[in-house]
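Below you'll find the structure, written out as structure tokens, and then a few comments.
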Amino acid sequence: MDLKDKMILSIIQEDSTYSVKEISEKIGLTFTPTYERIKQLEKNGIIEKYVGLLNREKLGLNIVVYCNVRLKEQSKKVLETFEKNIMQHDEVQEIISLSGEYDYMLKIIAKDINSYNDFTVNVISNIPNIGQYHSSIVLHEVKKSTKFKIDLD
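This is the structure we're talking about:
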């Protein structure tokens, strides 16, 4: 990956609605080589997909919770069962397997505290082999980004 590829990635991360023509102008290449580079970045899996980022609060989703989960046991079957169960729920935005005190960290989005409480009571506590869970409610998002730092050197 050379400087032009990195520039393309940086631009697309900032705003994926730029046309190939606009990107080519920003990086100083003509349309065709820019288009081919983008297609190659997609083919190589560096660009996974293009998405729209929504304002969750304007959609009435006011609570963000990081929920740490400890399972009673950590056998492969138990871990896979937990992952399969928790992945089915749209409220769960991220599932991260951890080392340390907890086995997983879940990022959960809910309408309000009552909705989150319903989710913990009706979903999390009913998944087999849940040993313990601990919720941290986000008070304020100081920094929120989906952009990776790409060194342009």
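Quick note on this note's numbering: the sequence shown kicks off at 480 and runs consecutively. Where is the CB? At the ideal position from N, CA and C, for every residue including glycine.
**OP:** Note down the Cα distance separating Phe510 from Ile629, rounded to an integer number of angstroms.
**Re:** The residue given as residue 510 occupies position 31 in the sequence shown. The residue given as residue 629 occupies position 150 in the sequence shown. C-alpha separation (whole angstroms): 23 angstroms.
Subject >> Enclosing beta strand (DSSP E) for Gln572 [first to last residue] >> reply: Translated into positions along the sequence shown, residue 572 becomes position 93. Its beta strand (DSSP E) spans residues 571-576.
Original post:
Near Lys500, which residues of its chain fall below 7 angstroms by C-beta distance, leaving aside the five closest residues on each side in sequence?
Top reply: Locating residue 500 in the sequence shown gives position 21, counting from the first residue. Within the same chain, and ignoring the five residues on either side of Lys500 in sequence, the residues whose Cβ sits closer than 7 angstroms to its Cβ are Phe510.
Original post:
Going by alpha carbons, who is nearest to Asn601 out of Ile575, Ile565, Lys623, Leu618?
Top reply: The sequence position of residue 601 within the sequence shown is 122, counting from 1. Nearest option by C-alpha distance: Ile565.
Original post:
Among Ile592, Leu585, Lys518, which one has its Cα closest to the Cα of Phe561?
Top reply: Here residue 561 is taken as the residue at index 82 of the sequence shown, counted from 1. Looking at the Cα atoms, Leu585 is the closest of the given residues.
Original post:
What do you get for Met633, buried or exposed, if any count of 16 or more other CB atoms within 10 angstroms of its CB means buried?
Top reply: The requested residue 633 is not part of the displayed model; the chain covers only 480 to 632.
Subject >> Proximity of Arg549 and Asp582 at Cβ, strictly below 9 angstroms >> reply: As a working note, residue 549 is residue 70 in the sequence shown. As a working note, residue 582 is residue 103 in the sequence shown. Result yes, Cβ atoms of Arg549 and Asp582 sit closer than 9 angstroms.
**OP:** Measure how close the beta-carbons of Leu488 and Leu520 come, nearest whole angstrom, since I'm counting them as under 8 angstroms.
**Re:** Counting from 1 along the sequence shown, the entry for residue 488 is found at position 9. Counting from 1 along the sequence shown, the entry for residue 520 is found at position 41. That pair is a contact at about 7 angstroms.
Original post:
Going by the CB atoms, is the gap between Ile517 and Ile616 shorter than 9 angstroms?
Top reply: On the sequence shown, position 137 is the one that residue 616 refers to. On the sequence shown, position 38 is the one that residue 517 refers to. No; because the gap between Cβ atoms is not below 9 angstroms, this pair is not in contact.
Original post:
Whose C-alpha, out of Ser495, Lys563, Lys528, Gln553, is nearest the C-alpha of Ser578?
Top reply: Residue mapping note: residue 578 aligns to position 99 of the sequence shown, counting from 1. The shortest CA-to-CA distance from Ser578 to any of Ser495, Lys563, Lys528, Gln553 is the one to Gln553.
Original post:
CB-CB under 7 angstroms to Lys555, same chain, minus the five flanking residues each way: which ones, in chain order?
Top reply: Within the sequence shown, the letter at position 76 stands for residue 555. Cβ within range, chain order: n/a, list empty.
Subject >> C-alpha distance - Leu532 paired with Asn605, whole-angstrom precision >> reply: As a position in the sequence shown, residue 532 is number 53, starting the count at 1. As a position in the sequence shown, residue 605 is number 126, starting the count at 1. Rounded to whole angstroms, Leu532 and Asn605 show a C-alpha spacing of 31 angstroms.
**OP:** Have a look at the DSSP bridge pairing and note the partners of Lys586.
**Re:** As a working mapping, residue 586 is identified with position 107 in the sequence shown. Lys586 pairs with Tyr545, Glu573.
Subject >> Coil, strand or helix - Tyr612 by DSSP >> reply: Numbered from its first residue, the sequence shown carries residue 612 at position 133. The three-state secondary structure of Tyr612, taken from DSSP, is strand.
Original post:
Can you give the Cα-Cα distance for Asp481 and Ser495, rounded to whole angstroms?
Top reply: Reading the sequence shown from its first residue, position 2 is the one you call residue 481. Reading the sequence shown from its first residue, position 16 is the one you call residue 495. Between Asp481 and Ser495, the C-alpha separation is close to 20 angstroms.
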